[in-house]
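The listed protein sequences derive, respectively, from chains P and H.
Here this note's numbering runs 13 ahead of the position in the first sequence, where the first position is 1.
Here this note's numbering runs 264 ahead of the position in the second sequence, where the first position is 1.
All C-beta atoms, glycine included, are put in the ideal place defined by N, C-alpha and C.
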Amino acid sequence: GDSVTQMEGPVTLSEEAFLTINCTYTATGYPSLFWYVQYPGEGLQLLLKATKADDKGSNKGFEATYRKETTSFHLEKGSVQVSDSAVYFCALRPSAGGYQKVTFGTGTKLQVIP
Amino acid sequence: EADIYQTPRYLVIGTGKKITLECSQTMGHDKMYWYQQDPGMELHLIHYSYGVNSTEKGDLSSESTVSRIRTEHFPLTLESARPSHTSQYLCASSDYRAEAFFGQGTRLTVV
Chain P
14 GDSVTQMEGP
24 VTLSEEAFLT
34 INCTYTATGY
44 PSLFWYVQYP
54 GEGLQLLLKA
64 TKADDKGSNK
74 GFEATYRKET
84 TSFHLEKGSV
94 QVSDSAVYFC
104 ALRPSAGGYQ
114 KVTFGTGTKL
124 QVIP
Chain H
265 EADIYQTPRY
275 LVIGTGKKIT
285 LECSQTMGHD
295 KMYWYQQDPG
305 MELHLIHYSY
315 GVNSTEKGDL
325 SSESTVSRIR
335 TEHFPLTLES
345 ARPSHTSQYL
355 CASSDYRAEA
365 FFGQGTRLTV
375 V
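And the structure:
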């Protein structure tokens with residue numbers, strides 16, 4: 014079945030450091046890929062998405078590129094802020110057909126210190 | 265605008281009580297989901313629905329039950345709450361065109 018693997022956290026960075034959170038997936042065909050963010054005490058919010066190979070999703074300074082050849086969708090940000098402290102989830106939705114149930118990774122907690 | 269609502273946000277209840285967590289969405293999405301989230305943050309799918317009158321058990325066994333009588337409504341019920349049910353419960357919805365949208369969550373504490 015489909016699966017998503019994320020790097021384990023927590024990840025602790027100083028403000029303005031470069032961020033990478035790795036995400037790889039297993040799925041047939043061409044799934045859509047997502048990054049969600051969860052701030053303390055809240056539900057998940059969509060951060061960015063990519064729906065086909067080589068697409069780059071971006072939002073709020075975060076980027077991720079859909080790499081079909083390496084089945085990856087790594088999240089990056091050039092300069093993190095304290096306000097980026099949250100839990101980040103990688104997810105996929107299968108390509109057309111079937112029931113298209115969304116599959117999530119285990120989440121990576123990011124802590125940014127001043 | 266994505267609209268999916270969960271009530272209550274917080275609930276503290278005694279052991280043995282029956283509870284229902286409400287989830288409603290106004291986007292007309294056919295698929296809806298309930299997740300249980302550990303303190304360690306991993307999401308565990310406990311129920312999902314592909315549409316009206318369709319419900320399935322998720323990846324994590326749960327003593328809760330769900331119903332889907334209307335497209336917009338997907339309530340979760342615990343007949344007899346226990347301390348082991350203490351957790352955060354997240355509801356979500358999606359369709360084939362869009363990503364999943366989440367509610368704010370219900371933090372349940374059973375004492």
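Take Glu76/P and list the residues in its own chain whose beta-carbon comes closer than 8 Å to its own, dropping the five residues that flank it on each side. Leu61, Lys69, Gly70, Leu88, Glu89, Lys90.
Please classify Tyr52/P as buried or exposed, where buried requires at least 16 neighbouring CB atoms within 10 angstroms. By the neighbour-count rule (16 or more Cβ atoms within 10 Å), Tyr52/P is not buried but exposed.
Under a CB-based cut-off of 8 Å, is Met305/H close to chain P? Closer than 8 Å: yes.
Is any beta-carbon of chain P found at less than 8 Å from that of Phe338/H? Not closer than 8 Å to any Cβ of chain P, the Cβ of Phe338/H fails to qualify, so no.
Just to confirm before moving on: does the CB-CB distance between Ala63/P and Phe31/P stay below 8 Å? Between Ala63/P and Phe31/P, the gap from beta carbon to beta carbon reaches 8 Å or more.
Among Gln124/P, Ala66/P, Leu57/P, whose alpha-carbon lies nearest the alpha-carbon of Tyr269/H? Checking every option, the nearest Cα to that of Tyr269/H belongs to Leu57/P.
Confirm, please, whether the CB-CB distance from Pro107/P to Glu28/P is below 8 Å. No, the Cβ-Cβ distance between Glu28/P and Pro107/P is not below 8 Å.
Going by the DSSP bridge assignment, what does Ile126/P pair with across the sheet? Checking the DSSP bridge columns, you'll see Ile126/P partnered with Ser27/P.
Exposed or buried, Glu363/H, counting other C-beta atoms within 10 Å across all chains shown (16 or more means buried)? Around the beta-carbon of Glu363/H, 16 or more other beta-carbon atoms lie within 10 Å, marking it buried.
Per-residue burial, Val100/P [other beta carbons within 10 Å of its own, 16 or more giving buried]: So Val100/P counts as buried.
Near Ser326/H, what residues of its chain come up, given a Cβ to Cβ distance below 6 Å and the 5 sequence neighbours on each side ignored? Ile310.
Quick check: the Cα distance between Met20/P and Lys81/P, rounded to an integer number of angstroms? Their backbone Cα atoms lie some 19 Å apart in a straight line.
Closer than 8 Å by C-beta to Leu275/H: which residues in its own chain qualify, once you throw out the five before and the five after it? Chain order, please. Taken in chain order, the residues that qualify are Ile283, Leu285, Thr370, Arg371, Leu372, Thr373.
Proximity to Val316/H [Cα-Cα], best of Leu324/H, Ser331/H, Asp323/H, Ala356/H: Comparing alpha carbon positions, the residue from Leu324/H, Ser331/H, Asp323/H, Ala356/H closest to Val316/H is Ser331/H.
Answer with buried or exposed for Glu351/H, where buried requires no fewer than 16 other C-beta atoms within 10 angstroms of its C-beta. Going by the sequence as given, residue 351/H is Ser instead of Glu. Buried is the call here.
Residues of chain P with a CB under 8 Å from the CB of Leu354/H: which are they? Taking a Cβ-Cβ cut-off of 8 Å, the neighbours of Leu354/H in chain P comprise Gly56, Leu57, given in sequence order.
Against chain H, with Cβ distances strictly below 8 Å, would Lys73/P count as a contact? No, Lys73/P lies away from the interface with chain H (no Cβ there is under 8 Å from its Cβ).
Using 8 Å as the limit for Cβ to Cβ distance, is Gly315/H near chain P? No, because no Cβ of chain P sits closer than 8 Å to the Cβ of Gly315/H.
Whose Cβ in chain H lies nearer than 8 Å to the Cβ of Lys122/P? Chain order gives the chain H residues near Lys122/P as Met305, where near means a beta carbon separation below 8 Å.
Which chain H residues are close to Val100/P, counting only those with a beta carbon under 8 Å from its beta carbon? Per Cβ cutoff of 8 Å: Met305.
Find the residues of chain P that neighbour Tyr269/H, judging by a C-beta separation of less than 8 Å, and give them in chain order. The contacting residues do not exist; Tyr269/H stays about 10 Å from chain P at best.
Three-state secondary structure (DSSP) at Val95/P? The three-state secondary structure of Val95/P, taken from DSSP, is helix.
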